[in-house]
Amino acid sequence: MFSTDQKSEIDAARADWAQTRRTVVPAVEEALYEPQPVLGTGFVRLVDYMGGDEAIVQGARVSYGRGTRSTSDDRGLIRYLMRHRHTSPFELAVAKFHVRAPIFVTRQWFRHRTASINEYSARYSVLEKEFYFPRPEDIAHQSASNKQGRGDSLPPDAAQHVLDLLREDATRCYDHYLEMLNQDEEGNVVDPDRPVVARELARMTLPVNVMTQFYWQLNLWNLLHFLRLRADAHAQYEIRAYADTILNLVERWVPLTYEAFRDYMQEAALLSGPALRALRDVLAGREVDLQASGLSKREVTDLIGLLPEIAPRLGR
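Residue numbers (full-length UniProt numbering): 1 to 316.
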C-alpha cells in the first residue's frame, strides 16, 4: 500500500509529539496518521482534528474553559442538540482526512459539497497503476426494484468472467496511458524521438476504477450528514466501506456525539405527517384507508418495512 519512504514519513509523524494547550482526545491521538485499509489498496487516514465532545458542549454553553459540568450533563446536552437538530455547536469540531479511493467512489463522495477538498492532480503527476476490483461475491445483478442498486450476486463463473474483463480493460488502458506519456512504469522515457502527449489528455483513457488520493476537511455536522447517507445499507458497497471506516474513527473522536448520532440519526426513522396519522389510527384500532391517507405506495412500503406488525391494518 505504501512505499518505504511513505511508511517512514508516516512513522515519523506518529513518533513526533508537540506540547499544546489545545484540548486533545487521547483515543483518537492513538489513531492519528495511521492508515485504515479499505478495499484492498485504498485507505483512510485521520491527519488532523480540532475539538471534540467538549468543544461542542463549550460552544453550546458559551463557557470559558473546557467545561464546568459532569459527563452525564454533557451527554444529556449533546443528545438534546442532536435530537432537536441544533447543528451549530457540532460545526465547531473539525476533522481532516487523507483518502485513497477509486475515482468512481470519489465522484459520489464529492457530491457532498460542504467540505474543503484537494485531490491528486493527474494534469501534474502520473497516476499509479493501482485499480480497484470487486470481490467475486460483490459482483451482482442489476436490482429489479432499484435503478441505482444491486440485486443478487452472480454465479461464480459469471462473476469471474466480469473480473477478467475488468482486469483486461484496466491493463490495456494503463498500457495505452503510458504509451501516450512515452514512459514505462518506473517513469523512464521509452523513445526519445517520440512525442509525449500532455498528461491532461492522456488521462482520458483511464477507467474510473483507477485509484486517486485526496485530502478532505469538514466540520463534524457535515461529516455526520455524509455518514448518515453513506454508512447506510442503501449506499453503494464501495463508498459504504469508507464511511464505516470513518465512522469508527468518529466513535473514538467524539464518543458522546457518536452515541447521539446513532440513536437519533443513523438508527432513527423520519415519519411524514400522513404516515404519523396512519400510525395513530393503527394504534387506536382503526382501519386505515390508504387511498384517503395521502400516503404514496413507496411510503406505505417503507412504513411496513419499519413496522411490519401494522401491515394487516394497512390492508396488506
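Beta carbons: idealized from backbone N, C-alpha and C, even for Gly.
Nothing here was measured: the structure is a model prediction, and the numbers come from that model.
By the Cβ criterion, the segment 131-145 is in contact with the segment 153-163, since at least three pairs of Cβ atoms, one from each stretch, lie closer than 8 Å. Where residue 143 is concerned, there is no enclosing beta strand (DSSP E), because DSSP gives it neither an H nor an E.
For residue 221, there is no enclosing beta strand (DSSP E); the residue is found in the alpha helix (DSSP H) stretching over 220-230.
Annotation for residue 143: 149, 150, 151 place their beta carbon closer than 8 Å to its own, counting only its chain and skipping 5 residues before and after. Annotated three-state conformation of residue 172 is helix, per DSSP. Residue range 71-83 is occupied by the alpha helix (DSSP H) that includes residue 72.
9 Å or more divides the Cβ of residue 15 from the Cβ of residue 252. Between the alpha carbons of residue 262 and residue 186 lies a distance of about 47 Å.
In this structure, the straight-line span from the alpha carbon of residue 70 to that of residue 173 is close to 59 Å. Comparing alpha carbon positions, the residue from 276, 220, 60, 286 closest to residue 300 is 276.
Leaving aside the five residues that flank residue 244 on each side, the residues in its chain whose CB is nearer than 7 Å to its CB run, in chain order, 231.
Excluding five sequence positions before and after residue 77, the CB atoms of its chain that fall closer than 7 Å to its own CB belong to 57, 60, given in chain order. Of the other Cβ atoms in all chains shown, fewer than 16 fall within 10 Å of the Cβ of residue 2; this residue is therefore exposed.
In the DSSP annotation of this structure, the continuous segment of the beta strand (DSSP E) that includes residue 94 starts and ends at 94-102. Here residue 291 carries a helix assignment [DSSP, helix/strand/coil]. In the structure shown, residue 215 adopts extended strand secondary structure according to DSSP, grouped into three states. Taking residue 214 as reference, the option from 284, 44, 80, 40 with the minimal CA-CA separation is 44.
Using a C-beta cut-off of 8 Å, the segment 106-117 makes no contact with the segment 258-274, since fewer than three inter-stretch Cβ pairs fall below that distance.
Going by beta carbons, residue 206 and residue 127 fall inside the 9 Å limit.
DSSP places residue 58 inside the alpha helix (DSSP H), whose first and last residues are 53-61. Only residues of its own chain outside the window of five on either side were considered, and among them none has a CB closer than 7 Å to the CB of residue 121. Going by beta carbons, residue 294 and residue 274 fall inside the 9 Å limit. In chain order, 122, 123 place their CB closer than 8 Å to the CB of residue 200, counting only its own chain and leaving out the 5 sequence neighbours on each side.
Residue 183 and residue 190 have their C-alpha atoms some 5 Å from each other. Closest in alpha carbon position to residue 265, among 285, 286, 279, 226, is 226.
Non-local beta-carbon contacts of residue 272 in its own chain, meaning distances under 7 Å to residues more than five positions away in sequence, involve 299 in chain order.
Excluding residues up to 5 positions away in sequence, 39, 42, 131, 132, 208, 209, 210, 211, 212, 238 lie with their Cβ nearer than 8 Å to the Cβ of residue 102 in the same chain. Residue 219 and residue 195 have their C-alpha atoms roughly 46 Å apart.
The three-state secondary structure of residue 36, taken from DSSP, is strand. In this structure, the CA atom of residue 125 is about 12 Å from the CA atom of residue 178.
Its chain contains 310, 313 as the residues whose beta carbon lies nearer than 6 Å to that of residue 282, once the 5 sequence neighbours on both sides are disregarded; these appear in chain order.
Buried is the label assigned to residue 52, since at least 16 other Cβ atoms lie within 10 Å of its Cβ. Between residue 110 and residue 47, the gap from beta carbon to beta carbon reaches 9 Å or more.
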